[in-house]
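Below is one structure; the comments refer to it alone.
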Amino acid sequence: MTDHISSSNFSPTHFDTHQLNNDKFNDECGVFGVFATPEASTHTVLGLHALQHRGQEAAGIVSQADGQFYSHKSLGHVADNFNTKPVIESLPGDSAIGHVRYSTSGGTGLRNVQPLFADLARGGFAVCHNGNLTNALTLKKQLVNKGAIFQSTSDSEVVIHLIATSTYPILQDKFIDAMRRVEGAFAFVALSQDCLIGARDPLGVRPLVIGKLPHDGYIFASETCALDIIGADFIRDVEPGEVVTVTKEGMTSVKPFPLSNPRPCIFEHVYFSRPDSLTNGTSVYKVRKNIGKELAKECKLDADLVVPVPDSGVPAAIGYAQEANIPFELGIIRNHYVGRTFIEPSDTIRHLGVKLKHNANRGELEGKIVVLVDDSIVRGTTSVKIVDLVRQAGAKEVHLYIASPPTTNPCFYGVDTPDKDKLLASRMSLEEMAKHIGADSLKFISIDGLYRAVGENGRNNLIPQYCDACFSGEYPTQLTDNNASDDDKQFSLLTDSH
Ligand code: AMP
26 MTDHISSSNF SPTHFDTHQL NNDKFNDECG VFGVFATPEA STHTVLGLHA
76 LQHRGQEAAG IVSQADGQFY SHKSLGHVAD NFNTKPVIES LPGDSAIGHV
126 RYSTSGGTGL RNVQPLFADL ARGGFAVCHN GNLTNALTLK KQLVNKGAIF
176 QSTSDSEVVI HLIATSTYPI LQDKFIDAMR RVEGAFAFVA LSQDCLIGAR
226 DPLGVRPLVI GKLPHDGYIF ASETCALDII GADFIRDVEP GEVVTVTKEG
276 MTSVKPFPLS NPRPCIFEHV YFSRPDSLTN GTSVYKVRKN IGKELAKECK
326 LDADLVVPVP DSGVPAAIGY AQEANIPFEL GIIRNHYVGR TFIEPSDTIR
376 HLGVKLKHNA NRGELEGKIV VLVDDSIVRG TTSVKIVDLV RQAGAKEVHL
426 YIASPPTTNP CFYGVDTPDK DKLLASRMSL EEMAKHIGAD SLKFISIDGL
476 YRAVGENGRN NLIPQYCDAC FSGEYPTQLT DNNASDDDKQ FSLLTDSH
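Just so we're aligned: the sequence shown equals residues 26 to 523 in the numbering used here.
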């Protein structure tokens with residue numbers, strides 16, 4: 026769906042109204058933006074394609090040419106929906122921003138697909154967001170009480186309203202004013218007719234990097250892999266609490282928040298980022314291998330074989346095998362053509378044991394004592410299936426080693442973890458989990474081991490160097506919405522379902 030969204034013709038009729046009741050107030054996503062570059066939308070398509078792992082549900086791009094804004098949004102993958110000349114031609118101009126979205130359970134509607142766009146007093150403004158604002162519902166209530174009309178259930182729309190109602194005269198200051206009122210985790214990329222803005226929350230929970238194309242043109246992206254795909258140089262990370270503005274005159278930066286100790290998300294290293302990216306300047310692949318090495322130091326076993334759960338367990342399994350000096354084999358093969366949109370088989374077919382995503386490489390497993398390495402256990406569904414698969418293929422013993430500590434707490438900062446009562450490690454002891462999964466033994470790396478793998482001496486328990494709330498339960502910001510009164514929660518339910 027492509028729209029020319031100049032001031033005159035932007036209207037809510039562009040939204041898909043069939044899904045209005047199903048959206049949750051939570052996303053994990055990838056963001057990208059490019060300024061002053063010919064073929065800005067093509068660069069954005071490529072950048073989003075590299076960030077596809079951060080969200081497969083929907084994608085959107087807004088471009089800008091001579092003060093006019095153009096938008097194309099669709100459900101599904103970037104490569105399937107931004108692959109034609111007419112689509113690219115419908116997004117003209119030398120600047121653009123884009124977003125890939127992964128909605129949590131429940132459907133998604135086009136109305137929540139970003140970038141969001143608004144006609145502000147001084148011209149068009151588009152914004153996209155990775156992260157989750159922990160006071161968005163509270164702010165939304167205040168704004169609605171003052172007459173604001175929301176068109177999506179995305180927490181990011183709160184920012185648009187805060188900018189629109191800010192009394193500061195200049196757009197950058199309105200944006201900063203809005204940023205100061207939100208809590209939680211954010212990496213924002215925003216576009217006006219004369220600037221591109223990249224901003225990271227004061228703790229730097231979600232990543233955002235700056236790149237530059239060989240001749241000209243600055244870029245913001247969630248990960249460095251989105252720079253590599255278009256041959257852009259990695260300049261540096263947007264620092265925690267930094268707001269960077271790019272105009273035709275160049276790049277300027279301010280740090281408008283009170284100083285705090287950075288707490289980037291440690292789960293980006295464990296699972297979320299692509300292994301070929303640099304997160305906070307460190308190779309994600311190297312860190313994942315280090316996690317495997319630390320795991321091997323902590324949990325030794327006289328095994329025949331180290332086998333990764335592909336793809337997410339591969340680097341840690343390589344590290345484990347190298348450190349433990351045990352052969353590494355691909356004992357499980359992954360089918361890469363199974364997307365999130367694959368139709369789930371009926372119960373009858375499922376009971377036949379259809380293995381959509383993974384199959385055992387039987388010849389490698391028969392009669393072997395296997396250390397199976399995966400990155401994390403969330404609900405435990407994957408582990409049950411995989412351990413059974415390896416055992417059915419003839420392995421003598423199956424020991425499941427996990428390259429992160431037990432996930433015992435939900436994330437409120439934009440990673441899709443289910444409620445606490447659905448997290449296996451919050452429901453069961455280690456022995457109960459091993460029994461439930463059917464593994465001969467189950468081990469998790471310690472939290473200090475994980476911190477050593479990212480280059481620290483261990484976790485500083487007084488001032489932790491990372492956000493590790495999913496493992497520790499220590500949330501580094503207020504959780505205003507979560508602690509809201511039942512009345513307020515009722516309000517949010519009502520406003521969510523309109
Ligand atoms: P399960 O324990 O069945 O819920 O799934 C755990 C697996 O899902 C892990 O091994 C990861 O590969 C993957 N995973 C972990 N966190 C997430 C997430 N936030 N979104 C999607 N997949 C995830």
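Idealized CB from N, CA, C, for every residue including glycine.
Would you say the beta carbon of R126 comes nearer than 7 angstroms to a heavy atom of ligand 1?
What you label residue 126 is simply residue 101 of the sequence shown in a count that begins at 1. It does not: the Cβ of R126 is nowhere closer than 7 angstroms to a heavy atom of ligand 1.
Which residues bound the alpha helix (DSSP H) around I316?
Counting from 1 along the sequence shown, the entry for residue 316 is found at position 291. Segment 309-323, the alpha helix (DSSP H) holding I316.
Hey, quick one: how far does the alpha helix (DSSP H) through S497 stretch, first residue to last?
Along the sequence shown, read from residue 1 onward, the residue named residue 497 stands at position 472. It spans 494-497 - the alpha helix (DSSP H) in which S497 sits, taken as one unbroken run.
Can you tell me the Cα-Cα spacing of M453 and S408, whole angstroms?
Taking the first residue of the sequence shown as 1, we reach residue 453 at position 428. Taking the first residue of the sequence shown as 1, we reach residue 408 at position 383. Whole-angstrom Cα-Cα distance: 14 angstroms.
Quick one: residues in its chain with C-beta nearer than 6 angstroms to the C-beta of P431, no 5 flanking neighbours on either side, listed in chain order?
Here residue 431 corresponds to residue number 406 of the sequence shown, with the count starting at 1. Closer than 6 angstroms at the Cβ level, and outside the excluded window around P431, lie A450, F469.
Buried or exposed: where does D400 fall if 16 or more other Cβ atoms within 10 Å of its Cβ makes it buried?
As a working mapping, residue 400 is identified with position 375 in the sequence shown. It is buried - the Cβ of D400 has at least 16 other Cβ atoms within 10 Å.
Let me check you understand the geometry: is the CB of I402 closer than 7 angstroms to at least one non-hydrogen atom of ligand 1?
Counting from 1 along the sequence shown, the entry for residue 402 is found at position 377. It does: the Cβ of I402 is within 7 angstroms (strictly closer) of some heavy atom of ligand 1.
Hey, would you say the C-beta of S408 is under 7 angstroms away from at least one heavy atom of ligand 1?
As a first step, residue 408 is located in the sequence shown; it is residue number 383 there, counting from the start. Yes.
Whole angstroms is fine: what's the gap from E274's alpha carbon to V339's?
What you label residue 274 is simply residue 249 of the sequence shown in a count that begins at 1. What you label residue 339 is simply residue 314 of the sequence shown in a count that begins at 1. Taking the straight line joining both Cα atoms gives about 44 angstroms.
Taking T159 and Q417 to be in contact with their CB atoms under 8 angstroms, please state how far apart those CB atoms are, rounded to whole angstroms.
As a working note, residue 159 is residue 134 in the sequence shown. As a working note, residue 417 is residue 392 in the sequence shown. That belief does not hold up - the Cβ atoms of T159 and Q417 are roughly 44 angstroms apart, past 8 angstroms.
To the nearest angstrom, report how far apart D180 and L162 are at their CA atoms.
Taking the sequence shown and counting its residues from 1, the one referred to as residue 180 is at position 155. Taking the sequence shown and counting its residues from 1, the one referred to as residue 162 is at position 137. Distance between the alpha carbons of D180 and L162: 7 angstroms.
Compare the C-alpha of H240 against each of D226, D258, C250, L233 and name the closest.
Within the sequence shown, numbered from 1, the residue matching residue 240 stands at position 215. Cα-wise, what sits closest to H240 is D258.
Would you call the segment 438-446 and the segment 378-393 touching, i.e. three or more CB-CB distances under 8 angstroms?
Cβ pair count under 8 angstroms is below three, so no.
Any idea which residues DSSP pairs E422 with across the strands?
Taking the sequence shown and counting its residues from 1, the one referred to as residue 422 is at position 397. BP columns for E422 point to I394.
Give me, in chain order, the residues of the same chain whose beta-carbon lies closer than 6 angstroms to that of D473; leave out the 5 immediate sequence neighbours on both sides.
Mapped onto the sequence shown, residue 473 falls at position 448. Excluding positions up to five away in sequence, the list reads G483, R484.
Provide the residue(s) that pair with N486 in DSSP beta bridges, ordered along the chain.
In the sequence shown, counting from the first residue as 1, residue 486 sits at position 461. DSSP output for N486 lists no bridge partner at all.
Please classify N507 as buried or exposed, where buried requires at least 16 neighbouring CB atoms within 10 angstroms.
Here residue 507 corresponds to residue number 482 of the sequence shown, with the count starting at 1. Exposed.
If we ignore side chains and look at the alpha-carbon of each, how far apart do A509 and C436 end up?
The count along the sequence shown starts at 1 and reaches residue 509 at position 484. The count along the sequence shown starts at 1 and reaches residue 436 at position 411. For A509 and C436, the distance between alpha carbons rounds to 17 angstroms.
Name the one or two DSSP bridge partners that H154 has.
Stepping through the sequence shown from its first residue, residue 154 is reached at position 129. Answer is F213, bridged to H154.
Apart from the five residues on each side of it in sequence, which residues of its chain come closer than 6 angstroms, Cβ to Cβ, to R261?
The sequence position of residue 261 within the sequence shown is 236, counting from 1. So the qualifying residues of the chain are I235.
What number of angstroms, rounded off, separates the C-alpha of E354 from the C-alpha of V332?
As a position in the sequence shown, residue 354 is number 329, starting the count at 1. As a position in the sequence shown, residue 332 is number 307, starting the count at 1. Distance between the alpha carbons of E354 and V332: 6 angstroms.
Is it right to say Y426 is buried, meaning 16 or more other beta carbons lie within 10 angstroms of its own, or is it exposed?
Within the sequence shown, the letter at position 401 stands for residue 426. Y426 should be labelled buried.
Shortest alpha-carbon distance to Q89 belongs to which of I201, Y500, S217, G317?
For this step, residue 89 is matched to residue 64 along the sequence shown. When each option's Cα is compared against that of Q89, the closest is S217.
According to DSSP, K445 sits in a beta bridge with which residue or residues?
Counted from its first residue, the sequence shown places residue 445 at position 420. DSSP output for K445 lists no bridge partner at all.
Could you tell me which of K393, V312, I291, D465 sits nearest to S493, measuring between CA atoms?
Here residue 493 refers to the residue found at position 468 when the sequence shown is read from its first residue. Correcting the residue type first, residue 493 is Asp in the shown sequence and not Ser. Ranking K393, V312, I291, D465 by Cα distance to D493 puts I291 first.
Fully enclosed by the segment 128-203, which alpha helix (DSSP H) runs are 4 residues long or longer?
Those alpha helix (DSSP H) runs which fall completely within the segment 128-203 and span 4+ residues are 161-170, 181-190.
Is Q347 helix, strand or coil when you go by DSSP?
As a working mapping, residue 347 is identified with position 322 in the sequence shown. In this structure, Q347 counts as helix in the three-state DSSP scheme.
Going by the DSSP bridge assignment, what does I254 pair with across the sheet?
By 1-based counting over the sequence shown, the position of residue 254 is 229. None, per the DSSP bridge assignment.
Below 7 angstroms, is the gap between the Cβ of Y345 and the nearest heavy atom of ligand 1?
Counting from 1 along the sequence shown, the entry for residue 345 is found at position 320. No, the Cβ of Y345 stays beyond 7 angstroms of every heavy atom of ligand 1.
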